[in-house]
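Engineer:
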Amino acid sequence: MGITGLLPALRPVTRDVHLKELSGLRVGVDTYCWLHKAVYTCPEELCTGVPTEKHIKFALSRLDMLLHFGLKPYLVFDGDYLPAKGGKEKERAEKREESRKRAEQCLREGDTAGARAHFIKAVDVTPAMAAQFIAAARSRGGARFVVAPYEADAQLGYLCRSGQIDLVITEDSDLLLFGCTRVLFKLGKDAAGQQVTLHEVFTERNDELDFRRCASGSSGGGSSISGGNSGSDGDECGGGGSDGNGIGGGGGSSAAAEDALLLTCALSGCDYLPSVLGIGLKRAHR
Numbered sequence: 001m002g003i004t005g006l007l008p009a010l011r012p013v014t015r016d017v018h019l020k021e022l023s024g025l026r027v028g029v030d031t032y033c034w035l036h037k038a039v040y041t042c043p044e045e046l047c048t049g050v051p052t053e054k055h056i057k058f059a060l061s062r063l064d065m066l067l068h069f070g071l072k073p074y075l076v077f078d079g080d081y082l083p084a085k086g087g088k089e090k091e092r093a094e095k096r097e098e099s100r101k102r103a104e105q106c107l108r109e110g111d112t113a114g115a116r117a118h119f120i121k122a123v124d125v126t127p128a129m130a131a132q133f134i135a136a137a138r139s140r141g142g143a144r145f146v147v148a149p150y151e152a153d154a155q156l157g158y159l160c161r162s163g164q165i166d167l168v169i170t171e172d173s174d175l176l177l178f179g180c181t182r183v184l185f186k187l188g189k190d191a192a193g194q195q196v197t198l199h200e201v202f203t204e205r206n207d208e209l210d211f212r213r214c215a216s217g218s219s220g221g222g223s224s225i226s227g228g229n230s231g232s233d234g235d236e237c238g239g240g241g242s243d244g245n246g247i248g249g250g251g252g253s254s255a256a257a258e259d260a261l262l263l264t265c266a267l268s269g270c271d272y273l274p275s276v277l278g279i280g281l282k283r284a285h286r
């Protein structure tokens, strides 16, 4: 999930925050991230068909934490598989099946620790699990729910760009490329997480990935990320000035910086096409 190496590269512009600082905000949740963590509490049961609710209780504890600190959750769930990622989804399914077979082999050999290690790699989040969590979460009250047409990423980007949410909680750095201007990563059971805002990505010094030159660059043209046309001739950052509708939301960023971030991440590798050999995040940025 996410862009390899992006979050470590953004550490200089990342701020540690506690949920109590975010009280009152409307928060969109990439809920499958919770469920993917949740299934690690009981991979053996889920892979072998043993009834359990451990994973549902884990996800509910995250929801209860948001409600306790006064946030207003909008839980967004993945919908159908994205056709453009068909190759990657097939690859992941094959790896899960191979891990399941290895786990079963370990069980036959009496290696329970080895079996668990492989079951963790084999377990997947299913629509049935999501439906089970939604049913349980509705009894809590205080949250809204939506199942995206495809992946939750684009739905969360839309909710942010349309002003329906103030913040996104996820483990997937891709959300920064979908129009989510304020994102909380690595939320733990201690209610602390790491916040990244696109405003700071584009305007603060970062020796790892510095977009300030692009953000203060030329005028004209909209961001390709937000659906506009990129670029003025000769701008090596690849775009024009912000029209206020790009992924940075006009908060001190420009379309040039938005395009530079998108192109940097796409060149470094994505799920839509095979990666370019020898091109990592830093080289793509250069």
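Numbering-wise, UniProt numbering puts 165 at position 165 of the sequence shown, and it's gapless, one number per residue. Backbone N, C-alpha and C fix where the C-beta goes; we use that ideal spot for every residue, glycine too.
Ile3: buried (16+ other C-beta within 10 angstroms of its C-beta) or exposed?
Structural biologist: As a working mapping, residue 3 is identified with position 3 in the sequence shown. Burial call: buried.
Engineer: So Leu6 and Leu281 are supposed to be a Cβ contact under 8 Å. How far apart are they, rounded?
Structural biologist: As a position in the sequence shown, residue 6 is number 6, starting the count at 1. As a position in the sequence shown, residue 281 is number 281, starting the count at 1. The pair is a contact, with the Cβ atoms about 6 Å apart (cut-off 8 Å).
Engineer: Quick one: residues in its chain with C-beta nearer than 6 Å to the C-beta of Gly179, no 5 flanking neighbours on either side, listed in chain order?
Structural biologist: Taking the first residue of the sequence shown as 1, we reach residue 179 at position 179. Beyond the five residues adjoining it in sequence on each side, Gly179 comes within less than 6 Å, by CB distance, of Gly157, Cys160, Arg161, Ile247 in the same chain, given in chain order.
Engineer: Hey, would you say Asp124 sits closer than 9 Å to Val39, going by beta carbons?
Structural biologist: Locating residue 124 in the sequence shown gives position 124, counting from the first residue. Locating residue 39 in the sequence shown gives position 39, counting from the first residue. Contact flag set, yes.
Engineer: For Thr197, which three-state DSSP category applies?
Structural biologist: Your numbering for residue 197 matches position 197 in the sequence shown. It is a strand residue.
Engineer: Mark Cys237 as exposed unless 16 or more other C-beta atoms lie within 10 angstroms of its C-beta, in which case mark it buried.
Structural biologist: On the sequence shown, position 237 is the one that residue 237 refers to. The predicted position of Cys237 is uncertain, since its pLDDT is 48 and thus under 50; a value taken from the coordinates is nonetheless stated next. Burial call: buried.
Engineer: Terminal residues of the continuous alpha helix (DSSP H) containing Pro8?
Structural biologist: In the sequence shown, residue 8 corresponds to position 8, counting from 1. Annotation for Pro8: the continuous alpha helix (DSSP H) segment containing it runs 6-9.
Engineer: Is the region 197-212 in contact with the region 19-27, if contact means three or more CB pairs nearer than 8 Å?
Structural biologist: no
Engineer: Counting Cβ pairs, one atom from each stretch, are 3 or more of them under 8 Å apart for the region 43-63 and the region 193-202?
Structural biologist: Verdict: no, contact absent.
Engineer: Determine the DSSP secondary structure at Ile56, reduced to helix, strand or coil.
Structural biologist: As a position in the sequence shown, residue 56 is number 56, starting the count at 1. Ile56 falls in the helix class under three-state DSSP.
Engineer: Apply the 10 Å Cβ neighbour rule to Glu258 and answer buried if 16 or more other Cβ atoms are within range, or exposed otherwise.
Structural biologist: On the sequence shown, position 258 is the one that residue 258 refers to. With 16 or more Cβ atoms within 10 Å of its Cβ, Glu258 is classed as buried.
Engineer: For my contact list, Ala122 and Arg96 are in at a C-beta cut-off of 8 Å; report their separation, rounded to the angstrom.
Structural biologist: Looking up residue 122 in the sequence shown gives position 122. Looking up residue 96 in the sequence shown gives position 96. Contact holds; Cβ gap of about 5 Å.
Engineer: Between Arg182 and the rest of its own chain, which residues show a CB-CB distance below 6 Å, the 5 nearest in sequence each way excluded?
Structural biologist: By 1-based counting over the sequence shown, the position of residue 182 is 182. Only residues of its own chain outside the window of five on either side were considered, and among them Leu167, Thr197 have a CB closer than 6 Å to the CB of Arg182, listed in chain order.
Engineer: The beta strand (DSSP E) that contains Thr31, what's its start and end?
Structural biologist: The residue labelled residue 31 in the question sits at position 31 within the sequence shown. Not the beta strand (DSSP E): Thr31 falls in the alpha helix (DSSP H), residues 31-38.
Engineer: List the whole-angstrom C-beta distance separating Ala143 from Leu75, where the pair is believed to meet the contact cut-off of C-beta under 8 Å.
Structural biologist: Position 143 of the sequence shown holds residue 143. Position 75 of the sequence shown holds residue 75. Confirmed, about 6 Å.
Engineer: DSSP has Asp16 in a bridge; who is on the other side?
Structural biologist: Residue 16 sits at position 16 when you count from the first residue of the sequence shown. Looking at the DSSP assignment, Asp16 forms a beta bridge with Gln194.
Engineer: Could you round the C-beta distance between His55 and Leu46 to whole angstroms and report it? I think they count as a contact, below 8 Å.
Structural biologist: Indexing the sequence shown from 1 puts residue 55 at position 55. Indexing the sequence shown from 1 puts residue 46 at position 46. Indeed they touch by this definition, with Cβ atoms about 7 Å apart.
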